[in-house]
Amino acid sequence: PELPAACVRSTFLDFFRDKHGHRLVPSSPVRPRGDPSLLFVNAGMNQFKPIFLGTVDPRSEMASYRRVVNSQKCVRAGGKHNDLEDVGRDVYHHTFFEMLGNWSFGDYFKEEACCMAWSLLTEHYGIPTDRLYVSYFAGDAASGLPADEETRQIWLDIGVPSGRLLPFGLKENFWEMGDSGPCGPCTEIHYDHVGGRDAAALVNADSPDVVEIWNLVFMQYNREVDRSLRLLPQFSVDTGMGLERLVSVLQGKRSNYDTDLFTPLLDAIHQRSRVAAYGGRMGAAGKEKVDTAYRVVADHVRTLSVCIADGVHPGMSGAELVLRRILRRAVRFCVEVLQAPQGTLASLVPAVAHTLGDVYPELHREADRIMDVINENEAHFLSSLQQGSRLIHRTLNRKDYKHGVFPASVAWSLHRDLGFPLDLVDLMLEERGVQVDRQELDRLIAENHKVMSDLQSGVQSQVMLDVLSLAELQHLGVPHTDDSLKYQYSLE
Ligand code: ATP
Ligand code: MG
Ligand code: MG
Ligand code: MG
Numbered sequence: 032p033e034l035p036a037a038c039v040r041s042t043f044l045d046f047f048r049d050k051h052g053h054r055l056v057p058s059s060p061v062r063p064r065g066d067p068s069l070l071f072v073n074a075g076m077n078q079f080k081p082i083f084l085g086t087v088d089p090r091s092e093m094a095s096y097r098r099v100v101n102s103q104k105c106v107r108a109g110g111k112h113n114d115l116e117d118v119g120r121d122v123y124h125h126t127f128f129e130m131l132g133n134w135s136f137g138d139y140f141k142e143e144a145c146c147m148a149w150s151l152l153t154e155h156y157g158i159p160t161d162r163l164y165v166s167y168f169a170g171d172a173a174s175g176l177p178a179d180e181e182t183r184q185i186w187l188d189i190g191v192p193s194g195r196l197l198p199f200g201l202k203e204n205f206w207e208m209g210d211s212g213p214c215g216p217c218t219e220i221h222y223d224h225v226g227g228r229d230a231a232a233l234v235n236a237d238s239p240d241v242v243e244i245w246n247l248v249f250m251q252y253n254r255e256v257d258r259s260l261r262l263l264p265q266f267s268v269d270t271g272m273g274l275e276r277l278v279s280v281l282q283g284k285r286s287n288y289d290t291d292l293f294t295p296l297l298d299a300i301h302q303r304s305r306v307a308a309y310g311g312r313m314g315a316a317g318k319e320k321v322d323t324a325y326r327v328v329a330d331h332v333r334t335l336s337v338c339i340a341d342g343v344h345p346g347m348s349g350a351e352l353v354l355r356r357i358l359r360r361a362v363r364f365c366v367e368v369l370q371a372p373q374g375t376l377a378s379l380v381p382a383v384a385h386t387l388g389d390v391y392p393e394l395h396r397e398a399d400r401i402m403d404v405i406n407e408n409e410a411h412f413l414s415s416l417q418q419g420s421r422l423i424h425r426t427l428n429r430k431d432y433k434h435g436v437f438p439a440s441v442a443w444s445l446h447r448d449l450g451f452p453l454d455l456v457d458l459m460l461e462e463r464g465v466q467v468d469r470q471e472l473d474r475l476i477a478e479n480h481k482v483m484s485d486l487q488s489g490v491q492s493q494v495m496l497d498v499l500s501l502a503e504l505q506h507l508g509v510p511h512t513d514d515s516l517k518y519q520y521s522l523e
């Protein structure tokens, strides 16, 4: 019998609350409150940042927190932690996921944190120890940071064999919230899904066989805006474990999408599509594309639901722009790969509320509004897509059309009149085996003084961000060049 995700979540929360005296704090909304350094909440620790920094209002409730546990709604689709490019292509990165975490604010430190984590995983969840690997911070000479030998010794004392204890550098084992903010060395627990002899070599190697599940961060510094490290007033523990990954381990699944957090959604998508079921029986090449589409749509509709419920709507800048791109990409996959009718995306919202609504009741409460917002945005996007496709079709059938070279003036009109980002124009042409006359298009862009002056004076208008590709923004020196804008409309 499988442990349902809901039990996995509650076992974690109960363990820290009932057995180890932690206070259960609710998830904060995914829209960061008063933190311009973030697009979305990307970790459980975000809402506690003032405690780490020692800037918490002493009269506030938060000032009394010593031990805390929670399950936090996280979105990693922009800024320092941006997983958009991996979503759908692998089976363990989502744009929205739940992070289970426990904290000590100046209370326990390394030893107790490691012991509790190990006891929960191996005794309470019953994960075999020979499937677990542990990484620790190897130090970094250039930044004058020492290796975390103390943590290595703690794990040895707990009984982790030295062959399963692996040192890694800054990138893997020094956790930072963003370009600035609290940070520190961390130790991470990885799970070997296969039981292979060479699994140690697959830790932190982007392999689906050995996946990171839990990160224990020892917060000791603040990364200042000038990149220097300042010692924090007190040392804290900040841990984060992806619920979806833990559930896949406990349900014996190699993929997060095969757990009960996703299967109801994938079934609902299949009912509306005209293609084989997820993981179905098509020819190998076609199947991968369809399965990717299933994963992207299931992932994106969760993100859309959670974000819209928390008041982030698809829009024209910042987090809103990222959400708009997420919505449009989901719509393209629905329509073009899964052959599902208009309205499909919104119709999946009840399935999202069904899997997550008990813990995040705003999903039930806001379901109608979420569906309306998704439908409106979808309709708008589909109608401009259709107009664009027609315009491209007519152009390709024109008598004066020179084979293979698409006229720049038409591409420009798709962009200016129909609001198509130029990367989408490129993509639509590529799918039809033609290319735009690049030189001429660049000339048109340069000639368009209105766009330039709007951008330079910072006027918010339709010509902002969405109609320009990342490369164009960089070319124009526009400051908004978040990585998330690289997320293209591609269906590959
Ligand atoms: P990875 O190396 O797999 O990208 P990470 O090191 O970026 O993960 P952390 O910042 O350490 O992740 O976050 C703590 C935990 O949250 C991870 O150990 C993992 O279980 C989970 N997690 C992180 N990113 C994602 C994601 N995009 N989707 C699902 N779970 C995630
Ligand atoms: Mg990551
Ligand atoms: Mg990692
Ligand atoms: Mg990590």
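Residue numbering for the sequence shown follows UniProt numbering, starting at 32 and increasing by one per position.
For every residue, glycine included, the Cβ atom is placed at its ideal position computed from N, Cα and C.
Enumerate in chain order the residues of its own chain whose CB-to-CB distance from residue i is below 7 Å, with the five nearest sequence positions on each side excluded.
i: Leu445; result: Gly419, Leu422, Phe451, Val456
i: Glu203; result: Ser166, Asn235
i: Val87; result: Pro81, Met93, Ala94
i: Ser500; result: Confidence at Ser500 is low in this model, with a pLDDT of 45, below 50, so its placement is unreliable and the value that follows should be read with caution. Closer than 7 Å at the Cβ level, and outside the excluded window around Ser500, lie Pro452, Leu453, Asp454.
i: Phe46; result: Leu151, His155
So, for residue i: in the same chain, excluding its five sequence neighbours on each side, which residues have a beta-carbon less than 8 Å away from its beta-carbon?
i: Val39; result: Tyr156, Leu274, Leu277, Val278, Leu281
i: Leu460; result: Ile423, Phe437, Ala442, Gln466, Val467
i: Arg48; result: Arg54, Leu55, Val100
i: Ser174; result: Leu201, Leu260
i: Thr334; result: Val106, Ala108, His125, Thr126, Phe127, Leu354, Ile357
i: Pro89; result: none
Using only alpha-carbon positions, find the residue among the options that is nearest to residue i.
i: Cys146; options: His51, Thr290, Ala307, Gly342; result: His51
i: Tyr325; options: Val368, Val337, Gln470; result: Val368
i: Gln251; options: Pro192, Leu176, Leu233; result: Leu176
i: Gly226; options: Pro67, Cys217, Arg254, Arg195; result: Arg195
i: Ile82; options: Asp171, Ile220, Ser135; result: Ser135
i: Arg98; options: His411, Asp269, Ser286; result: Asp269
i: Pro438; options: Thr426, Leu449, Arg359; result: Thr426
i: Ala169; options: Ala299, Arg183, His301, Asp161; result: Arg183
i: His125; options: Val332, Thr153, Ser304; result: Val332
i: Ala37; options: Ser102, Asp88, Arg62; result: Ser102
i: Leu358; options: Leu394, Glu393, His411, Pro392; result: His411
i: Leu354; options: Ser336, Val366, Cys365, Phe364; result: Ser336
i: Asp188; options: Trp149, Arg258, Gly346, Arg447; result: Trp149
i: Tyr164; options: Asp121, Val122, Arg463, Thr218; result: Thr218
i: Ser348; options: Met272, Gly109, Asp389, Asp114; result: Gly109
i: Pro67; options: Val256, Pro345, Gly283; result: Val256
i: Glu319; options: Leu115, Asp114, Pro89, Arg120; result: Arg120
So, under 8 Å CB-CB, residue i and residue j are touching, yes? Tell me the CB distance rounded to an integer number of Å.
i: Cys105; j: Met76; result: Actually they are not in contact, since the Cβ atoms of Cys105 and Met76 sit about 10 Å apart, beyond 8 Å.
i: Leu55; j: Ala350; result: In fact, because the Cβ distance is near 27 Å, the residues do not count as touching under 8 Å.
i: residue 554; j: Pro264; result: Because the chain here runs from 32 to 523, residue 554 falls outside it and cannot be looked at.
i: Ala178; j: Pro198; result: 7 Å
i: Gln373; j: Glu409; result: 6 Å
i: Glu397; j: Ala340; result: 4 Å
i: Val118; j: Asp330; result: 5 Å
i: Arg254; j: Leu260; result: 6 Å
i: Val343; j: Arg62; result: 5 Å
i: His301; j: Tyr309; result: 6 Å
Near residue i, what residues of its chain come up, given a Cβ to Cβ distance below 6 Å and the 5 sequence neighbours on each side ignored?
i: Asn428; result: none
i: Phe43; result: Leu131
i: Ala299; result: Leu379, Ala382
i: Ile476; result: none
i: Gly489; result: Since pLDDT at Gly489 reaches only 46, below the 50 mark, its modelled position is unreliable, and no value is offered.
Buried or exposed: which applies to residue i, given that a residue is buried once 16 or more other Cβ atoms fall within 10 Å of its Cβ?
i: Val436; result: exposed
i: Lys433; result: exposed
i: Arg356; result: buried
i: Pro60; result: buried
i: Gln78; result: buried
i: Ser95; result: exposed
i: Val321; result: buried
i: Lys430; result: exposed
i: Gly65; result: exposed
i: Arg360; result: buried
i: Asp223; result: buried
i: residue 29; result: Within the shown structure, residues of the chain are numbered from 32 to 523, placing residue 29 beyond reach of any answer.
i: Thr160; result: exposed
i: Arg363; result: buried
i: Ser304; result: buried
i: Leu394; result: buried
Looking at ligand 5, does it come within less than 8 Å of residue i, judged from the CB to the closest heavy atom?
i: His124; result: This structure simply doesn't include ligand 5; it includes ligand 1, ligand 2, ligand 3 and ligand 4 instead.
Worksheet item: At a cut of 8 Å, does the stretch 228-243 reach the stretch 205-214 through at least three beta carbon pairs?
Response: no
Fill in: Cβ contact (3+ pairs, closer than 8 Å) linking the stretch 287-296 and the stretch 138-153
no
Worksheet item: Just checking, does the stretch 398-408 make contact with the stretch 380-390 on the three C-beta pairs under 8 Å criterion?
Response: yes
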